[in-house]
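Working notes for the structure below.
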Amino acid sequence: MGGRKAPVAWIARAFRVPGEERRSLVQTGKATAAAVIAWIVATAVLRLPQPFLAPYAAVFLVQATVYRSLRGWAQQVGAVSVGVLLAAGTGQFIPSVTVALGLVVFVGLLIGSWRGFGDSGVWVGITGMLLISYGNATEPVLLADRLLETALGAAIGAVLNAVILPPLHGERLRAATSRLASAIADVLDRTAGLVRGGEPADGLDDRMEDVRSLVAEAEDAIGWTREGRYLNLRGRRETREEPLANLVSLWHPLAQLIDAVSEAARSEQPFRHPGEHARGVVGDLLEALAEVARSGDPGKLDRCRDLVGEIDHLLVTPTDEVATSIGLGAMALPARRLVQRLRAD
Numbered sequence: 057m058g059g060r061k062a063p064v065a066w067i068a069r070a071f072r073v074p075g076e077e078r079r080s081l082v083q084t085g086k087a088t089a090a091a092v093i094a095w096i097v098a099t100a101v102l103r104l105p106q107p108f109l110a111p112y113a114a115v116f117l118v119q120a121t122v123y124r125s126l127r128g129w130a131q132q133v134g135a136v137s138v139g140v141l142l143a144a145g146t147g148q149f150i151p152s153v154t155v156a157l158g159l160v161v162f163v164g165l166l167i168g169s170w171r172g173f174g175d176s177g178v179w180v181g182i183t184g185m186l187l188i189s190y191g192n193a194t195e196p197v198l199l200a201d202r203l204l205e206t207a208l209g210a211a212i213g214a215v216l217n218a219v220i221l222p223p224l225h226g227e228r229l230r231a232a233t234s235r236l237a238s239a240i241a242d243v244l245d246r247t248a249g250l251v252r253g254g255e256p257a258d259g260l261d262d263r264m265e266d267v268r269s270l271v272a273e274a275e276d277a278i279g280w281t282r283e284g285r286y287l288n289l290r291g292r293r294e295t296r297e298e299p300l301a302n303l304v305s306l307w308h309p310l311a312q313l314i315d316a317v318s319e320a321a322r323s324e325q326p327f328r329h330p331g332e333h334a335r336g337v338v339g340d341l342l343e344a345l346a347e348v349a350r351s352g353d354p355g356k357l358d359r360c361r362d363l364v365g366e367i368d369h370l371l372v373t374p375t376d377e378v379a380t381s382i383g384l385g386a387m388a389l390p391a392r393r394l395v396q397r398l399r400a401d
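Each step along the sequence shown adds one to the number in the numbering used here, with nothing skipped, and position 195 is 251.
Spelled out as structure tokens, the structure:
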């Protein structure tokens, strides 16, 4: 029952929510339209024989970003052109189809490995192979047709992708921001409990690995968003990436803070573990930072700054407790950096 409902639910989400499902549906529709238009133009308008490369190129040029579509157009046309020239030269001087085929594939794949061709590099060898095997390598008109088909299909795919609902990745950016903020807030809350209680928090290391993974995902989302704006008619309406970049910048001070707290909690030397009052202040600061990360409201940082000031005061003020400046200082520096980087948003 659930299996039958899954496709229906997926389609319903695509129409209801501007998320991953809708983007996939739009891109699939554009790829289909590009293939059909390329086939119609190649067969009905230009009357090209066997125009299989036109719809193929059109489908693969409907990429995840407009920039990739236009770059892919240049790469694919270039790769096919080199493959055609390679097949033409080989067909003229090597009469054996078997030898010519092996040579074209070998040399074509080597040439196609040049990074300038990107993912289209494989088409140098494949195009040459197809032309040699079909016996078209010595027919200039058919060679020209292959070039025209590829250029036509790639151009149609790239233009459709750029003009009709060009893809953006705002929903991916928003989802990554929400997940990372929640994970950081959870780690800060758990660390606050560890600081106050002095006992290891269950699963804290696993939570930090989760944050590390989400940071990598966030950096990927930022990269896709930036690329998605290039040459994109809708780019100016894209979601801002600064909040997510700000959260990513918290990773290093957060990791340093967790290391300092864990070392202090495990240490048997009392001067490395702050006294009860100091631990309470640090715990309050971490909880306040968790609230800022969770809400995304920099206006709540005043409480964090006050607590950082109180920690600084504890570090320079003599107390009756065993000297705790080493452990408290190790926690204070990354905590202060967390406040500073959250404030930078």
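Yeah, the Cβ is synthetic: ideal placement off N, Cα and C, and Gly gets one too. What you are looking at is a predicted structure, and each value in this text was computed from that prediction instead of being measured.
Cα-Cα separation between residue i and residue j, rounded to whole angstroms
i, j, result
"V160", "L141", "10 Å"
"Y123", "W280", "11 Å"
"P63", "I220", "25 Å"
"A334", "R361", "16 Å"
"F71", "L371", "57 Å"
"E195", "L186", "13 Å"
"W66", "L204", "38 Å"
"D175", "A144", "23 Å"
"A94", "V82", "18 Å"
"D249", "L310", "The displayed chain sequence assigns Gly, not Asp, to residue 249. Approximately 15 Å between the Cα atoms of the pair."
"G58", "A68", "Since pLDDT at G58 reaches only 48, below the 50 mark, its modelled position is unreliable, and the value read off the structure follows with that caveat. C-alpha separation (whole angstroms): 15 Å."
"P222", "S305", "30 Å"
"L313", "N217", "46 Å"
"A207", "S152", "30 Å"
"G385", "S169", "53 Å"
"A388", "V338", "8 Å"
"V317", "A391", "11 Å"
"H369", "E332", "15 Å"
"D340", "L363", "8 Å"
"L394", "G253", "22 Å"
"V197", "F149", "18 Å"
"G352", "E297", "13 Å"
"W179", "A135", "6 Å"
"P111", "V138", "20 Å"
"S234", "L303", "10 Å"
"A344", "A239", "15 Å"
"P299", "L109", "44 Å"
"E275", "A211", "31 Å"
"A89", "I96", "11 Å"
"G177", "G365", "59 Å"
"E265", "E273", "12 Å"
"L157", "R127", "29 Å"
"A98", "G209", "8 Å"
"V348", "D242", "12 Å"
"V251", "R230", "32 Å"
"Q396", "L117", "44 Å"
Cβ-based burial, residue i [other Cβ within 10 Å; buried from 16]
i, result
"A91", "buried"
"F173", "buried"
"A100", "exposed"
"Y190", "exposed"
"L199", "buried"
"P105", "exposed"
"T183", "buried"
"G147", "buried"
"G383", "buried"
"A277", "buried"
"T121", "buried"
"R246", "buried"
"L166", "exposed"
"R103", "exposed"
"S17", "Nothing can be reported for residue 17, as the shown portion of the chain is limited to 57 through 401."
"G355", "exposed"
"V155", "exposed"
"D201", "buried"
As assigned by DSSP and simplified to three states, the class of residue i
i, result
"V312", "Residue 312 is actually Gln in this sequence, not Val. Here Q312 sits in helix by DSSP."
"E449", "Residue 449 lies beyond the stretch modelled for the chain, which goes from 57 to 401, so this question has no answer here."
"R103", "coil"
"V118", "coil"
"F173", "helix"
"L270", "helix"
"S305", "coil"
"F71", "helix"
The alpha helix (DSSP H) enclosing residue i, as first and last residue numbers
i, result
"I167", "V153 to G168"
"R359", "L357 to V372"
"Q131", "V122 to F149"
"R335", "E332 to S351"
Any non-hydrogen atom of the ligand NAP within 7 Å of residue i CB
i, result
"A334", "Absence of the ligand NAP from the depicted structure is noted, as is the absence of any ligand whatsoever, leaving it without description."
Run through the region 187-263 for me and flag every whole alpha helix (DSSP H) of 4 or more residues, listed as ranges in chain order. Listed in chain order, the complete alpha helix (DSSP H) runs (minimum 4 residues) inside the region 187-263 are 196-219 and 226-253.
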